[in-house]
Amino acid sequence: MQPLRAHWTTIGSLALWLALSWLIVYAAGGANTIPPHVVFIPVFLAGWRLGVWAAVATAALGGIITGPLLPADVAGSVAQRSRIGRCGSDSSSVSARSSP
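In terms of the numbering used here, the sequence shown opens at residue 59 and continues consecutively.
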């Protein structure tokens, strides 16, 4: 079992890795330019150092950071499209239907 100080040091380094992964993708031009897969590094580190639940929590934070908090195109200030609308039917075909 690691001492408590080692856990806080690991959590701090994970936060730094998450921020760095966001910054790398942002500096490269956004999520459309480079896939935000660099966020897997802190997820792997969390699982290795702190266990499965820490990896799950880090992955959830990474999903938030590289999802709604990261633009698709930095130069054009274009936000990413919502993934929720793609889960069911195609929203464009629903809106294009004529009323009976």
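Virtual Cβ for every residue (Gly too), placed ideally from N, Cα, C.
In this text, all values refer to a predicted model and were calculated from it rather than measured experimentally.
| query | Is it true that the CB of residue 104 sits closer than 9 Å to the CB of residue 127? | reply | no
| request: Output the distance between the C-alpha atoms of residue 112 and residue 66, rounded to the nearest integer angstrom. | output: So the two alpha carbons sit approximately 12 Å from each other.
| field | Under 9 Å between C-beta atoms of residue 139 and residue 133 | value | no
| Going by Cα to Cα distance, which pick from 106, 109 and 91 is closest to residue 124? | 91
| query | If you run the structure through DSSP and keep just helix, strand and coil, what is residue 136? | reply | strand
| said: Whole angstroms are fine: how far does the CA of residue 87 sit from the CA of residue 137? | reply: 12 Å
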